[in-house]
Amino acid sequence: EKFHRSSMKDAWERLNETLELLGNLMCRTVFRINLVKNLNMIEPENYANLIKKASPLFIEIKGYISVGFARKRLGYERMPYHKDIVDFAEKLAKETGLKILDEKKESRVVLLGKNRENMKIKKEEI
Numbered sequence: 001e002k003f004h005r006s007s008m009k010d011a012w013e014r015l016n017e018t019l020e021l022l023g024n025l026m027c028r029t030v031f032r033i034n035l036v037k038n039l040n041m042i043e044p045e046n047y048a049n050l051i052k053k054a055s056p057l058f059i060e061i062k063g064y065i066s067v068g069f070a071r072k073r074l075g076y077e078r079m080p081y082h083k084d085i086v087d088f089a090e091k092l093a094k095e096t097g098l099k100i101l102d103e104k105k106e107s108r109v110v111l112l113g114k115n116r117e118n119m120k121i122k123k124e125e126i
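With the UniProt record's numbering, you'll find the sequence shown wraps up at 126, consecutive numbering, no jumps.
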């Protein structure tokens, strides 16, 4: 409730329904988790439960960056260090059975997936 204020009363149900539908799509799917220090970097097992519903090909775990209007809302102190993002990603990987495929320290991002082969887009997918 600290960071989600939906105008729809059934938003949580709709989200879960969408996650279940995503698992049946015949296309590449990606989850993106934006981590904010002292806000949502907890309970990776609960994120894992949501991820398992949709079976995305990749999970991008990105640290919050204090730029633009976000500076006024959250500030620099909410930016997680890359090590904190990697630690969270490792826990999430363990919970989901995925592995870390790549990371970029400068961008504060970690990519999870089943294998690196899926990272390349094949001609037949275009």
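Where a beta carbon is used, it is the ideal one built from N, C-alpha and C, also for glycine.
Predicted model only: the values in this text are computed from it and were never measured.
- As a beta-bridge residue in DSSP terms, Lys99 pairs with Gly113.
- For the pair Leu112 and Lys94, the CB atoms are not nearer than the 8 Å cut-off.
- Across the structure, Lys122 and Lys72 are spaced so that their CA atoms are roughly 42 Å apart.
- At a Cβ-Cβ threshold of 8 Å, Lys53 and Glu20 count as neighbours.
- Phe88 is classed as buried because its beta carbon has at least 16 other beta carbons within 10 Å across all chains shown.
- Pairing Lys114 with His82 gives a Cβ-Cβ distance that is not under 8 Å.
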